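> The sequence shown: position 94 = 94 (the UniProt record's numbering), numbered continuously. Here a beta-carbon is modelled for each residue, glycine too, at the ideal position from N, C-alpha and C. These numbers come from a predicted model, not from an experiment. Let me give you the structure first, and then I'll get to my questions.
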Amino acid sequence: MSAVTAEKNNSLWSDARHRLMRNRAALISLIVLTVIIFCCLVLPLLGFLHDPNAQALPDKNLAPSGAHWFGTDNLGRDIFARVVYGGRISIAVGLITTLVSVTIGVCYGAISGYVSGRTDAIMMRIVDILYALPFLIIVILLGKTIEPATAKLTDTVVGWFTSADASVESINATRAWIEPITTLVPLFVAIGALSWLTVSRIVRAQVQGVAKQEFVEAARSLGLGNFRILFRHILPNTLGPIIVYTTLTIPSVMLFEATLSFLGMGVKPPYASWGNLINEGANLMLSNIWLLFFPTLLFSATLFALNFLGDGLRDALDPRSAKD
1 MSAVTAEKNN SLWSDARHRL MRNRAALISL IVLTVIIFCC LVLPLLGFLH
51 DPNAQALPDK NLAPSGAHWF GTDNLGRDIF ARVVYGGRIS IAVGLITTLV
101 SVTIGVCYGA ISGYVSGRTD AIMMRIVDIL YALPFLIIVI LLGKTIEPAT
151 AKLTDTVVGW FTSADASVES INATRAWIEP ITTLVPLFVA IGALSWLTVS
201 RIVRAQVQGV AKQEFVEAAR SLGLGNFRIL FRHILPNTLG PIIVYTTLTI
251 PSVMLFEATL SFLGMGVKPP YASWGNLINE GANLMLSNIW LLFFPTLLFS
301 ATLFALNFLG DGLRDALDPR SAKD
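Here it is, written out as structure tokens:
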């Protein structure tokens with residue numbers, strides 16, 4: 001019986017993969033995302049990019065050329081290098097923050113949906129109260145509260161990647177790629193700790209539906225504990241909606257980070273994310289349109305690709321589409 005069930009489960013996931021591959025918009029979006037992520041993560045390691053923070057005033061406000069593919073800004077910094085390094089930060093914000101929020105939301109919603117009754121009602125009223133809070137203000141206040149700990153965190157992480165006898169140049173080089181991420185830890189925690197509300201409701205509804213099925217009753221009759229039933233048998237059957245929601249959450253988190261950076265409350269100069277690059281470009285668009293055009297292009301392409309991929313995953317994992 002278990003072999004038949006495993007074969008059926010494999011065929012369902014196989015059918016979903018085939019449906020996703022037939023969705024041209026989702027497939028193209030996946031390719032675009034792969035190229036953008038590859039460029040942002042790998043190109044800085046190859047060593048041929050300009051220093052994104054190096055200023056060269058004689059070369060300021062240059063148009064795109066062979067020496068500077070995306071031109072330079074008003075301080076002579078290479079826009080291509082800043083867009084690539086900024087993309088690394090924006091993507092990291094989207095992935096890490098989404099992971100935090102989905103983890104909290106899945107656990108909270110699964111427990112609420114499984115226990116039901118008065119406990120479920122209390123847990124959902126808490127969610128309703130949190131929904132009523134001003135999200136942007138709470139994120140800013142929470143981020144400012146835990147921000148003083150980031151300097152100590154940066155020193156700790158730098159120590160992990162450098163030896164005791166490392167040179168000052170080596171330590172500074174390591175700090176240059178670690179510090180932009182660690183300074184955003186308050187942002188990761190603040191957004192992730194407050195953006196799990198919707199996913200908790202989605203998981204709760206899914207768990208309540210799956211918990212009524214016969215295999216759950218069979219698991220209870222075998223004497224399995226509630227924890228094992230919930231996390232080993234019920235949650236795996238709700239992965240489809242969770243995956244879709246995760247894919248659609250990443251662009252919304254990246255957009256929120258861009259909003260905070262645009263307002264000057266995200267990535268701190270001289271480091272860059274797509275959000276504060278767009279902010280700089282908006283301020284200087286009359287004299288240097290390239291400073292606005294290229295970060296906006298990459299950011300928009302990433303958001304569109306993530307949304308189209310999320311739509312494709314939703315269609316592929318929808319059981320009703322298996323009849324097509």
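1. How about Ala26 and Leu20: are their beta carbons less than 8 Å apart?
2. By the 10 Å Cβ neighbour count, where 16 or more other Cβ atoms means buried, how is Glu280 classified, buried or exposed?
3. Closer than 8 Å is the cut-off here; do at least three beta carbon pairs connect the stretch 196 to 207 with the stretch 235 to 245?
4. By DSSP, does Asp78 sit in helix, in strand, or in coil?
5. Curious, which full-length alpha helix (DSSP H) runs of at least 4 residues does the stretch 220 to 286 contain?
6. Helix, strand or coil: how does DSSP classify Thr162 here?
7. Which of the three DSSP states is assigned to Ser321 in this structure?
8. So Val158 packs on Ile178, CB below 8 Å; how close in whole Å?
9. According to DSSP, is Glu7 part of a helix, a strand, or is it coil?
10. On a CA-only basis, which of Cys39, Thr249 and Ile278 is nearest Leu260? Give me that one, please.
11. Alpha carbon to alpha carbon, how far is Pro44 from Tyr271?
12. Quick one, which of Val189, Ser90, Leu303 and Asp59 has its alpha-carbon nearest Pro251's?
13. Using CA atoms only, rank isn't needed, just tell me which of Tyr85, Val127, Gln55 and Ala67 is closest to Leu75.
Checking against the coordinates, here is how it stands:
1. yes
2. buried
3. yes
4. strand
5. As far as the stretch 220 to 286 is concerned, its whole alpha helix (DSSP H) runs of at least 4 residues are 239 to 262 and 274 to 283.
6. In the three-state scheme derived from DSSP, where H, G and I count as helix and E and B as strand, Thr162 is classed as coil.
7. Any reading at Ser321 is ruled out, since the residue's pLDDT is 48, under 50, leaving its predicted position unreliable.
8. Rounded, the Cβ-Cβ distance is 6 Å, consistent with contact.
9. In this prediction, Glu7 has a pLDDT of 45, which is less than 50 and means its spatial position is unreliable; what the coordinates show is noted afterwards. Reduced to three states, the DSSP call for Glu7 is helix.
10. Ile278
11. Cα atoms of Pro44 and Tyr271: separation of roughly 14 Å, rounded to the nearest angstrom.
12. Leu303
13. Gln55
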